[in-house]
Every structure is written in structure tokens, then in C-alpha cells.
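Protein chains in written order, with full-length UniProt numbering: chain A, 1 to 288; chain B, 1 to 288.
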């Protein structure tokens, strides 16, 4: 048996058509979805991410702006920039590219973003709404994974899910989303004992630990859906996931590839949430 | 073997001495911790809870006020009352007794409480801070359970924990707190299959499902710490927990009783957080 490959690339393309229709409708009402990305310093990985986001946003016809700041910008100045874009009605989404330089408290900056424009879903209010089961903006990677599971008709209700990794941007929100769909969810992490044994109970296994080829076939229940969030480089500089895909594909029922699995979904959900935000802001200004 | 009984009553008494010392210190600085409880309508259970809270708050020397409103109060009026107490510097904690009558959107009211004064810990911002691992105000029942585990020196790090029940006020925040202490946590619920088998993997089992005597000895790993959050009445009107305590005590290593287990800790943590809130507000006003 060989696993069905869950293509994030294909689903992202599919969703892009739908989003394009939504953007066109908004434009007919005179609204152009606006996304501003605040980029501090010259980190090469950040530059690449931001370039991709900008390209995708522009191709959808967004009002897209990348604001660049020197690496030595003060916390206060950056905070004022966030506040400025909170108040600018031409932007419906604000994204602060992480990591930020050391002199800046990232939490302070992220918390200053108006939660309505927090298209990354990292603001405490949005995390809180997720925890109490009333999600609004959702962290993009786990949100994209839910869309993938749905598209490939993976049953979640009553199933056993194991999430390996407990980061704020993937593991913890992922667990909440799966729980909301009535899975029984365990969050495993570096202190978890008998990890392979635990993972083998999972009908749905999400791996987000940032260790290349860590998950081998011993971790996999036959037929399970395996989601690989990892983005690592091997010794030859090749992009690899957290899952040893060749052998896992022989046991799993479904598997996301790296690249073209979870990655394209993350940026898609960012744009999706910006459009949703534009719709919402437009609807609330009509009411006034 | 018979389980060690974890007395919430004893720990609550112990903590009350410590809290009394803290209140005395605050009074020397001219600060009296203030707690206002907003009580709508005539629900008898709510009346009892509120009376207990008031009694405990007064005995600690709090500035304690119970504001009663008729059952037909409008949402707008109640909202204005919340805002009024947000702005009243003599109160450091605001508690809206639930349930509220049907004409009122509880979420709207709870979200209006200043998160600094949200001593119940239910505000989305406080839930969000908990989810991202930077807790401030914490829902009182799971917070009290953490204090009990700590007091009885139950090891959490690296252990397997199962939480049965996924409510916003107990199950979900409980899972976050146990995860922060490096347990591997599974949240189980009504849709979970093979519940007894899953529960039997738990070194720490927290039961909060609201079904009397539901958890039998088949659910228990020998030596486990079992926390019973249930408060149910049997056919004779006797208060019973979710755990069938007589038989479970023969297998478990630790067990909380009902009553005098989790119950006294919940109200203790409410008062504890009000004192913490008073300290914090006092410290921040000094800085100005």
C-alpha cells in the first residue's frame, strides 16, 4: 500500500480561484482587500517569505504593501507604525514578519495589532476565542491543515489525533481545531515518553517538531493520515520534512509532501483571512 | 491499598492564612482588595454560591459587594454596570455570576469585563494568554487543581494526563496548565471511543463531565492521582462526584473527595486572584 499524497499546492490553487471571485465581488462594492507586511531588517529567509506573500497578494489584486524598516528600529517607533496601520482603513490585514530584532519585544508588537486585522491569528484575543471554541482569526498553518483534511474527506469526529509539537503557531491551535471537530486529541512534545507508541494510536498524526526525518514508519498506524509541518534542510541543503516520507508512505493512508504540502496552505489562509477581514470591516461600516 | 485523600478543605485553610497575611500587608499600604459580584435574578444555586463567596471575602477583610439585579434587566443596563465597575478603583475583581437570563448574551457581558479585573479568568484575552503559555488570570477550578497537585507533591513532568470533559471553565484550561508543566495531555469527551482504556493510561486523571459515579475502577491506573470535579446529586439528594469514590479509592494512589475536594479550592483561587489583582493595580498606579 502507498499513501495518497495530500497536495497543498492543488488545494491552494483551487482556493485561489474561489478567493479571486471573492475579491472581484468586493471590488464591485468599491472595496480592495489590503494587506500590509511590516518587515524589519535583512533576514534572508524573511525576505523570501515576504516576497512570496507579496507576489500572491498582488496576483489576487490586493492592495499590497511591504514596509521595510532598518534592523535597529526602536520598539516605540515600530509600535507607532502598527498603530498607524490599525487606523488606516485601506488595510484589512497587518502582518509583522517574525523574527524581530532583539531590542524589540515581539509579544508587545503582536498584541498591539488590532485583533480584527490580525490575519496571522496570533493575538491573545484570537487565541482565546479559539480556546473557548468561538474562533475568529485562526493561526494560518493549522487552519490550512484543517482545510486539507476536509478536502481529502478525512473523518475527524470520534477519531484519535496526536499532535507532536506544542508551539503557539502550530501545535496548540491545531489541537484546539481538531478537538472542535470532536477528535480525541493528545499533544505530545519533547518530554513525552514512548512517543512512537503514542503516535501509533493516531488516526490523524500532525508532526511539527522541526527535526528532519524524525518520524519513521514505527510511528504510524496503518492507514493513518499524516501531516508533515516540518521544513528542514538535510546535509545537502535539500528541503525535507519532519517525516521520513519514503518509508512512512508505505504505511500511512494519507501523507502531505514537503514541499507542496502544508506550506502553500499557510500563505493561502493568510490571504483568505485578509479577504474575510475586508468583508467583515465592510459589513460593519455599512451598519453605521 | 487505599488512596491518599487530597483535601481541598485543608489546603484552602492553609492558603487562607497566607492570603490573610497578604491582605494585611496591602492594608498597611492603604489598599483594601475589593470584589464585586453581579447577581441577576433569583436562581437558588447562584444565591448559595454568591453567599459563600461573600462570606469568605468578608472574613478575609475584603471590600465585598454583591449587587443584585432583577431577572428582567436589559443587556444594555447590565453592560453599563460592568463598565461602571471597570472604572471604579475600589474594586480589583469583578465577577458576573452565571447563568444569566436568556435576554442577555453572556459572552458579551463577560468580554466587557476589564481583563485586569477578570478574576474568574474567563475573558478571551486571559484564555488566550493561557493558550500561548503566558497565563495571567486563570480559570479558578483548574488553577485550584494545580495547587492541589503541587501541595501533594504529585509529579507532573513527563507524566501522562487525561482530562475527561472539554468545558471552557475546566477541561480546556486544565489541559493547558498540565501541558505547561510538561505532562503529555489528552482531552477526552463524549465522542471519545474506548474511554476507560484511555483513562487507564493516565498517571493524572481529571474528571469533569457532570455524570455522577461515572468513573469506575476500570478507568484507573493503579497508583494514579484522580481529581474529581463533579458535583452531582444522587436519587436521595446526596452530593456525589463524577468518580465512584469507594471502589476507585482502592486502585488510585490519590483521590480528591466530594465535597471538600476541588470545591473549596475554586473559591479560594477566586479570592487569591483578587488579591493578586489588587497588588498589580497598586503597583502600576505607583509607577505613574
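By construction, the Cβ of each residue, glycine as well, lies at the ideal position given by its N, Cα and C atoms.
Look at residue 73 of chain A here: in three-state DSSP terms it is coil, with no helix or strand label.
With respect to residue 196 of chain B, residue 219 of chain B sits close: the two C-beta atoms are nearer than 8 Å. Residue 155 of chain A has its alpha-carbon roughly 16 Å from the corresponding atom of residue 3 of chain A.
Bounds of any alpha helix (DSSP H) do not take in residue 160 of chain B; it lies within the beta strand (DSSP E) bounded by 160 to 164.
Interface annotation, residue 191 of chain B: in contact with chain A, CB-CB separation under 8 Å.
In terms of Cβ geometry, residue 92 of chain A and residue 283 of chain A do not form a close pair [threshold 8 Å].
Spatial neighbours of residue 124 of chain A in its own chain (CB-CB distance under 7 Å, excluding positions within 5 residues in sequence) are listed in chain order as 111. Residue pairing by DSSP puts residue 35 of chain A in a beta bridge opposite A/64 and A/93. A Cβ-Cβ contact shorter than 8 Å links residue 248 of chain A with residue 255 of chain A.
Counting C-beta pairs with one atom in each stretch, the stretch 5 to 16 of chain B and the stretch 39 to 47 of chain A have fewer than three that are closer than 8 Å, which means they do not touch. Residue 225 of chain B is positioned such that its CB atom lies closer than 8 Å to that of residue 203 of chain B.
Taking CB atoms only, residue 200 of chain A has no neighbour in chain B less than 8 Å away. When Cβ-Cβ separations below 8 Å define contact, residue 131 of chain A makes contact with chain B. Non-local C-beta neighbours of residue 181 of chain A in its own chain, meaning closer than 8 Å and more than five positions away in sequence, comprise 146, 156 and 157, ordered along the chain. Using beta-carbon distances, residue 280 of chain B does not count as an interface residue toward chain A, since no partner is under 8 Å.
The alpha-carbon separation between residue 250 of chain B and residue 103 of chain B amounts to approximately 48 Å. For the options B/253, B/36, B/165 and B/151, the alpha carbon positioned closest to that of residue 14 of chain B is the one of B/151.
Across the set B/173, B/19 and B/101, the C-alpha of B/173 shows the shortest separation from the C-alpha of residue 127 of chain B.
Contacts with chain A at 8 Å (Cβ-Cβ) include residue 172 of chain B. Going by DSSP, residue 26 of chain A is part of the alpha helix (DSSP H) stretching over 8 to 28.
Taking 8 Å as the threshold, the shortest C-beta distance from residue 188 of chain B to chain A falls below it.
The CB of residue 124 of chain A comes closer than 7 Å to the CB of 125, 128, 129 and 132 in chain B, given here in chain order. Interface flag for residue 141 of chain A against chain B is unset, since no Cβ pair is found closer than 8 Å. Short of 6 Å from the beta carbon of residue 143 of chain B, and not among the five residues preceding or following it, lie these beta carbons of its own chain, in chain order: 269. Chain-order list of chain B residues neighbouring residue 168 of chain A: 131, 132 and 133, by C-beta distance under 9 Å. Per DSSP, residue 45 of chain A lies in no beta strand (DSSP E) segment; the continuous alpha helix (DSSP H) that holds it begins and ends at 44 to 59. Under DSSP, residue 232 of chain B shares a beta bridge with B/240. Per DSSP, residue 186 of chain B is one residue of the beta strand (DSSP E) stretching across 184 to 188. Nearest CB-CB separation between residue 266 of chain A and chain B: not below the 8 Å threshold.
Among the CB atoms of chain B, one or more fall inside 8 Å of the CB of residue 185 of chain A.
A residue is called buried once 16 or more other Cβ atoms fall within 10 Å of its Cβ, and residue 245 of chain A is buried on that count. Of all residues in the stretch 151 to 162 of chain B, the ones placed with a Cβ closer than 7 Å to any Cβ belonging to chain A are 157 and 158, in chain order. Residue 133 of chain A and residue 176 of chain A have their C-alpha atoms roughly 8 Å apart.
Residue 188 of chain B is a Cβ neighbour of residue 162 of chain B, given a cutoff of 8 Å. Scanning its chain for C-beta atoms nearer than 8 Å, with the 5 sequence neighbours on each side dropped, one finds around residue 260 of chain A the residues 7, 8 and 9, in chain order.
Counting other Cβ atoms within 10 Å of its Cβ, residue 263 of chain A reaches 16 or more and is therefore classed as buried.
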